[in-house]
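Comments concern the structure below.
In the numbering used here, the protein residues as written are 11 to 342.
Shown next as structure tokens:
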């Protein structure tokens, strides 16, 4: 006769608390999340990924102790700390995008799920609400979630940042449960959650760029009646981040590549409008195969537009001085 001895736990799943609409303050939500992260940290330390963190699998006892349930689809990592892709298991609302696509995953897939849980606990909303699995994946890959403070004004900016970093793309997500927990603990203690660093996107909400950029008298009628920009928010955000770095002395060359018709020109034009709206200078030149492949062609095109009398950002004197400097330094 064989027996399995297990702990008897009295409590309710987090799903019941969320369904009750009983308000949960930030302190309690953070404390519950810290317990989840502590449990996951120990599991990850043994090479185990849960892969199905969701409200039904989080049990809360009467004294607010958290128990993580249902390791039924948990998987051991290999020596590199990864699980081989190909199997798609979990609950789509809480799954990291790389997990939804059946790619190789590591502990960051669990961190993503915990971030969704904390977001939902504080707001009673999912960051990507939709009924279609395909639509959920699309939103996770291409859209930025609305900050939790939009739904709950009691949430601080620091807590916003910590949660959003947990549910962002893989490369920028918290790398471990410990990192996530340490930053949540800093919020709980009222300390700064992140070290000072060069701001990449000062005073900008990426998902509202298109609404903030207004047409000017210098733009053509075609631009004033431009179509709505959709589907490339992720790429646009990367360009805006790089522009923020360039404004702090860290410029770089960026190449936007892709098949014809995928939206390269639309993306470039949208980014150009953003830079102009941010009081930045834009030199825009085209190298079209119909007009030949002269190496200087895009530069000539860009400078022609910049030195045009219609460019009101340059005084007549500055325009002449720059022309003389270019003739001297870069004879065309």
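C-beta: ideal position from N, C-alpha, C; glycine also. Note that the coordinates shown come from a computational prediction; the quantities given were computed from them, not determined experimentally.
Check, Outcome
"Taking the runs of the alpha helix (DSSP H) that are 4 residues or longer, which of them lie wholly in the segment 251 to 290?", "274 to 287"
"Is DSSP giving residue 71 helix, strand or coil here?", "strand"
"With a threshold of 8 Å, are at least 3 pairs of Cβ atoms found where one atom belongs to the segment 26 to 37 and the other to the segment 161 to 172?", "yes"
"Kindly indicate which three-state DSSP category residue 157 falls into: helix, strand or coil?", "coil"
"Excluding sequence positions up to five away, which residues of its chain have a Cβ less than 7 Å from the Cβ of residue 393?", "Residue coverage of the chain in this structure runs from 11 to 342, which leaves residue 393 outside it and unanswerable."
"Three or more C-beta pairs closer than 8 Å, one from the segment 140 to 148 and one from the segment 181 to 195: is that the case here?", "no"
"Pull up the distance between the alpha-carbon of residue 45 and that of residue 137, whole angstroms please.", "22 Å"
"Between the segment 66 to 74 and the segment 115 to 122, do three or more beta carbon pairs fall short of 8 Å?", "no"
"So, residue 169 versus residue 197, is the Cβ gap smaller than 9 Å?", "yes"
"Judging by CA-CA distance, which residue of 113, 195, 108 and 246 is the nearest neighbour of residue 183?", "108"
"Measure the C-alpha to C-alpha separation of residue 62 and residue 18 and round it to an integer number of angstroms.", "22 Å"
"Could you pull out every residue in the same chain whose Cβ sits closer than 6 Å to the Cβ of residue 153, ignoring the five residues on either side in sequence?", "243"
"When the Cα of residue 43 is compared with those of 278, 159, 195 and 258, which residue comes out closest?", "195"
"Beta-carbon separation of residue 246 and residue 291 under 9 Å?", "no"
"Ignore the nearest five residues each way along the sequence and tell me which others in residue 365's own chain have a CB closer than 6 Å to its CB.", "There is no way to answer for residue 365, as the model of the chain reaches only from 11 to 342."
"Can you give the Cα-Cα distance for residue 253 and residue 265, rounded to whole angstroms?", "14 Å"
"Going by CA-CA distance only, name the one from 134, 332 and 176 that's closest to residue 193.", "176"
"Between residue 24 and residue 132, is the Cβ-Cβ spacing less than 9 Å?", "no"
"Let me confirm a value: residue 67 is counted as buried when at least 16 other C-beta atoms fall within 10 Å, else exposed. Which label applies?", "buried"
"Excluding sequence positions up to five away, which residues of its chain have a Cβ less than 6 Å from the Cβ of residue 64?", "101 and 104"
"Between which two residues does the beta strand (DSSP E) carrying residue 33 extend?", "It is not in any beta strand (DSSP E) - residue 33 carries neither H nor E in the DSSP assignment."
"Taking C-alpha atoms, which residue in 129, 276 and 269 lies nearest to residue 158?", "129"
"In three-state DSSP terms, what is residue 165?", "coil"
"Can you give me the C-alpha to C-alpha distance between residue 338 and residue 328, rounded to a whole angstrom?", "15 Å"
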